[in-house]
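Just so you know, the protein sequences line up as chains B and F, in that order.
Taking this note's numbering, I'd label the letters of the first sequence as residues 13 to 350.
Taking this note's numbering, I'd label the letters of the second sequence as residues 13 to 350.
Working notes, structure below.
Number of protein chains: 2
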Amino acid sequence: MTAGPTPPRMADVARVAGVSKMTVSRVLTGGSVSPATRARVQQAIDELGYVATAAAGMLSSGRSEFVAALVPSLASSNFADTVRGLTDALAPHGLQLLLGDTGYHLDQEEALVKSLLRHQPRGIALTGRHHSAGTRALLERAGIPVVEMWDLPERPIDMAVGFSNAKASLAMVCHLHQRGYRRIGFLCGASELDRRGTDRMRGYASGIKALGLGEPRVIRLGDSPITMSHGGPAMAALLQAWPDTDAVMCVSDMSAFGAIMECHRRGLSVPGDIAVAGFGNFEIAWCCHPTITTISVDAYGIGLRTGEVLLDALDDGEATAARKLSRIDFSVVERESA
Amino acid sequence: MTAGPTPPRMADVARVAGVSKMTVSRVLTGGSVSPATRARVQQAIDELGYVATAAAGMLSSGRSEFVAALVPSLASSNFADTVRGLTDALAPHGLQLLLGDTGYHLDQEEALVKSLLRHQPRGIALTGRHHSAGTRALLERAGIPVVEMWDLPERPIDMAVGFSNAKASLAMVCHLHQRGYRRIGFLCGASELDRRGTDRMRGYASGIKALGLGEPRVIRLGDSPITMSHGGPAMAALLQAWPDTDAVMCVSDMSAFGAIMECHRRGLSVPGDIAVAGFGNFEIAWCCHPTITTISVDAYGIGLRTGEVLLDALDDGEATAARKLSRIDFSVVERESA
DNA sequence: TTGAAAGCGTTACCAC
DNA sequence: GTGGTAACGCTTTCAA
């Protein structure tokens with residue numbers, strides 16, 4: 013932290029290079045400048061260690077180089093991958109991500125939106141289709157492209173990139189049914205914070221009903237989103253409530269892993285005694301033993317596509333109907349556990 | 013994306029409230045304003061949905077509300093936790109994190125530092141003690157507090173919050189030695205990208221030498237940082253090279269988990285036939301079977317402390333010698349696997 | 001407690 | 001291809 017006297021300004025560069033500020037600005041933004049002067053300016057920049065002040069440019073030009081993104085949690089590899097996709101799409105265009113972590117709370121999301129909008133982001137990406145009225149109002153006034161990720165809203169704020177979590181879950185029910193399982197349970201968190209988790213549970217329940225497999229067997233345990241450590245207790249609770257259960261769907265691969273570990277502890281073989289399915293196709297699903305049957309979703313791809321969709325919107329100005337809703341594929345990945 | 017006509021400005025709020033811009037500014041920044049006028053102004057703000065432009069304030073006041081943070085990867089729960097700690101420390105003070113993902117590359121780090129400095133962050137946090145000469149130069153010129161995290165540099169740029177990865181690794185060697193293991197191997201990535209991983213390997217090697225346990229048995233496999241899926245192949249390679257190995261240290265819990273899965277596949281019992289130790293105390297270390305003996309490091313705490321150290325420096329202006337280096341504790345957590 | 005004027009460092013716009 | 005001038009929307013500073 014060597015506090016130098018005063019950092020050099022554009023005017024300093026201009027003076028050293030013997031040109032006007034405008035010429036320096038053109039060099040920086042890629043305007044038309046003769047090669048000779050461009051070289052002189054560049055040399056002055058290097059010499060002085062000049063770094064342009066983003067705030068001034070932003071104020072003057074009226075546009076920032078920010079894109080805001082809100083995720084429920086950075087600790088989930090799911091969303092971390094999505095963020096990576098977003099970065100990979102946007103960074104090449106000089107856009108810097110402003111990241112917000114909502115902790116799965118809609119009011120926290122609203123607070124973050126309010127705070128992030130102060131930086132005039134060019135666009136904003138949210139997670140999910142559930143938002144507070146205040147959030148919607150803020151975004152509608154903002155006049156920038158908005159993308160809702162990881163879901164397919166019936167009434168999108170603007171655009172969306174995602175899939176139906178309920179349908180994905182339903183697909184897994186069908187898979188298990190096809191494999192001969194009939195007494196299927198579901199493990200998820202106790203709170204409604206994880207909206208996509210709740211959607212998956214609903215998809216499961218509707219599948220059970222549709223296939224005539226009796227009443228849904230749902231265990232809600234632990235704060236959403238539940239992870240490895242919740243899987244075990246949830247599995248225990250399920251076996252206590254419905255001892256004849258022959259298959260278990262879990263809201264995520266993490267909880268599925270925990271559930272499988274609990275089975276190991278009890279001497280239950282998976283899938284021999286009981287089948288276990290996850291959701292998300294995390295690394296653990298194909299590294300653990302037995303490997304976990306799961307739903308594969310391209311988390312990175314969601315981020316990448318979201319970035320592309322935003323870039324398109326920034327170009328065109330207005331979203332075309334065609335890209336309002338961008339559907340991301342999911343698929344059942346059959347492995348050893350179910 | 014409803015592009016309204018023109019967003020309201022501070023002058024608009026002032027007009028509606030019947031006061032000057034300055035009074036509005038004071039209301040926003042918590043200056044002294046009579047309760048009556050404050051209420052009128054607040055009402056005007058709500059009515060118009062006014063959102064202050066951060067760039068203008070930044071330019072005028074000369075200081076931003078940004079803090080920059082660079083991590084090697086967001087996908088690692090380690091660094092995700094550190095980022096959470098940083099956010100938790102800084103957000104209450106109105107500071108917004110500007111996050112950069114270096115992908116473990118020092119030149120990418122330099123590029124990000126250059127790009128992030130344009131936003132005039134109040135402070136910046138980096139990961140590790142290794143940086144390019146360009147990065148050091150940029151930061152020394154920047155005149156802002158700098159914190160290096162996850163390590164204890166001999167020659168810190170400014171401040172540091174971390175621990176000695178080599179010593180932590182050494183502690184694990186001692187633990188294994190104490191438990192009676194004598195033919196100890198080490199699994200890590202093939203590249204030098206993961207500097208902390210390399211430090212851990214060095215700590216291991218020095219411990220092996222110091223204890224007279226023969227030549228180090230190091231398997232370098234896969235791109236750093238290695239994860240679950242590399243652990244298995246690395247374990248296989250180790251057993252091929254040194255079949256009599258009785259204990260294995262892994263550069264992380266992720267690779268330790270992969271190694272254990274490989275043992276299961278081969279019918280080797282852990283720790284009966286071979287002991288396995290990890291590093292990091294990730295959730296998987298206490299959820300899998302057997303539970304993994306590991307080194308516990310408070311990743312969240314590193315972020316939190318880094319945030320506090322930065323806030324201190326912003327207050328005092330100059331770092332006191334006492335907080336130049338902030339040591340974070342680590343400890344051997346003995347579980348079932350070793 | 002409140003207001004008026006003068007910047008902050010850049011880019012847009014229009015001359016040359 | 002290059003330069004001057006006027007914003008951009010705030011906060012600082014100084015007066016009232």
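Glycine included, each C-beta is placed from N, C-alpha and C at the ideal position.
Everything numeric in this text was worked out from a predicted model, so none of it was measured.
query	result
Neighbourhood of Gly313/B by C-beta, 8 Å cutoff - its chain only, sequence neighbours within 5 removed	Gly97 and Ile340
Cβ pair count under 8 Å reaching 3, the stretch 265 to 275 of chain B against the stretch 227 to 247 of chain B	yes
Residue from Leu164/F, Ser127/F, Gln132/F and Pro133/F with nearest C-alpha to Gly146/F	Ser127/F
Selection of the stretch 55 to 72 of chain B by Cβ proximity to chain F, strictly under 8 Å	Gly61, Val63, Ala64, Thr65, Ala66, Ala67, Ala68, Met70 and Leu71
Inter-stretch contact (C-beta, 8 Å, three-pair minimum) for the stretch 100 to 115 of chain B and the stretch 32 to 50 of chain B	no
Buried or exposed by the 16-neighbour rule on C-beta atoms within 10 Å, applied to Thr18/B	exposed
DSSP bridge partner residues for Ile231/B (one or two, in chain order)	Leu199/B
Contact residues within the stretch 268 to 279 of chain F, judged by C-beta distance below 8 Å to chain B	Phe269, Gly270, Met273, His276 and Arg277
Contact residues within the stretch 221 to 242 of chain F, judged by C-beta distance below 8 Å to chain B	Thr239, Met240 and Ser241
Reference Ala80/F; option with closest CA among Lys179/F, Ala325/F and Leu124/F	Leu124/F
Local conformation of Phe269/F per DSSP, three classes	helix
Beta-carbon proximity check, Val53/B vs Ala23/B, cutoff 7 Å	no
Nearest to Gln57/F (by Cα), restricted to the options Met171/F, Val36/F, Met70/F and Val159/F	In the sequence as displayed, the identity of residue 57/F is Ile instead of Gln. Closest option to Ile57/F, Cα to Cα, is Val36/F.
Proximity test, Cβ basis, 7 Å: Val282/B and chain F	no
Chain-order list of residues whose beta-carbon lies under 8 Å from that of Ala287/B (same chain, five-residue window excluded)	Leu188, Arg191, Tyr193, Asp258, Ala259, Val260, Thr305, Ser349 and Ala350
Asp113/B to Arg50/B span [Cα, whole Å]	42 Å
Partners in chain B for Ile136/F, counting only beta-carbon separations shorter than 9 Å	What Ile136/F touches in chain B: nothing, since even the nearest Cβ is about 10 Å away.
Ala92/B beta carbon less than 7 Å from that of Ala87/F	yes
Neighbour list for His131/B in chain F, Cβ cutoff strictly below 7 Å	Ala66
Residues near Thr14/F by beta carbon distance below 6 Å, same chain, minus five either side	Because the pLDDT at Thr14/F is just 47, under 50, the model does not fix this residue reliably, and the value given afterwards should be weighed accordingly. Excluding residues within five positions, none has a Cβ falling inside 6 Å.
Given 8 Å, three or more beta-carbon pairs between the stretch 158 to 174 of chain B and the stretch 192 to 206 of chain B	no
For Asn177/B, the nearest candidate out of Ala217/B, Leu316/B and Ser281/B (CA to CA)	Ala217/B
Proximity test, Cβ basis, 7 Å: Cys299/F and chain B	yes
Nearest to Ala66/B (by Cα), restricted to the options Glu59/B, Gly74/B and Val158/B	Gly74/B
Collapsed DSSP secondary structure at Ile136/F in the structure displayed	strand
Neighbour list for Arg96/B in chain F, Cβ cutoff strictly below 8 Å	Leu86, Ala87 and Asp113
Residues of its chain near Leu150/F, where Cβ-Cβ distance is below 8 Å and the 5 sequence neighbours each way are ignored	Glu122, Val125, Lys126 and Leu129
Length of the line joining the Cα atoms of Gly226/B and Ile220/B	7 Å
Residue-level contact to chain F via CB, Glu204/B, 7 Å cutoff	no
Buried or exposed by the 16-neighbour rule on C-beta atoms within 10 Å, applied to Ser32/F	exposed
Asp113/B, DSSP secondary structure in three states	strand
Local Cβ density within 10 Å of Ser236/B, reported as buried at 16 or more and exposed below that	buried
For Arg339/B: DSSP bridge partner residues	Gly174/B
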